[in-house]
Amino acid sequence: MEYINWTDFEKVDLRVGTIVEATEFTEARKPAYKIKVDMGPELGIKKSSAQVTANYTPAELIGKQVICVVNFKPKQIANYVSEVLITGFPDASGNVVLAQPAAPVANGVKLF
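Heads up: the sequence shown begins at 1 in the UniProt record's numbering, then just goes up one per residue.
Right, here's the structure in full:
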């Protein structure tokens, strides 16, 4: 494991948002969804591509709060631009389980 210092951690802007839209991303090479996340009044609605199809349906994702990295440069994925990275952990099969707050919090608040 490589250690980082507090300044390194402060560079990563992790915030909570609520998924407001999720649709199949048929153009992606690996199974994924096109997701829109409400990141609060400061950042607004942001787009993401997420490979979470093994554990979630689009309908199940709506309303879930997720933890996102919001300060990566936008990334072109097929014909879609992903603006935030939705975080998660691998389950026993290697499929993504979303990282979520334990209780509801305001969209856009920063993890500290």
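Even for Gly, the Cβ is constructed at its ideal location relative to N, Cα and C.
Given a cut-off of 8 Å on the beta-carbon distance, is the pair residue i and residue j in contact?
| i | j | result |
| --- | --- | --- |
| LYS64 | GLN100 | yes |
| VAL20 | VAL37 | yes |
Measuring straight from C-alpha to C-alpha, what distance separates residue i and residue j?
| i | j | result |
| --- | --- | --- |
| LEU61 | ALA22 | 7 Å |
| ALA28 | VAL69 | 21 Å |
| LYS73 | TRP6 | 22 Å |
| PRO41 | GLY17 | 11 Å |
| SER82 | GLY44 | 14 Å |
| SER48 | THR87 | 11 Å |
| PRO58 | ALA78 | 19 Å |
| ALA32 | VAL12 | 24 Å |
So, helix, strand or coil for residue i, using DSSP?
| i | result |
| --- | --- |
| PRO74 | coil |
| LYS11 | helix |
| ALA59 | helix |
Should residue i go down as buried or exposed, given a rule of 16 or more other Cβ atoms within 10 Å for buried?
| i | result |
| --- | --- |
| PHE25 | buried |
| TYR3 | exposed |
| LYS110 | exposed |
| MET39 | buried |
Kindly give me the distance between the Cβ atoms of residue i and residue j, rounded to whole angstroms, as I take these residues to be in contact under 8 Å.
| i | j | result |
| --- | --- | --- |
| VAL96 | ASN55 | 7 Å |
Give a yes or no on whether 8 Å exceeds the smallest Cβ distance from residue i to chain D.
| i | result |
| --- | --- |
| GLY94 | As a matter of chain content, chain D is missing from the structure shown, which is built from one protein chain. |
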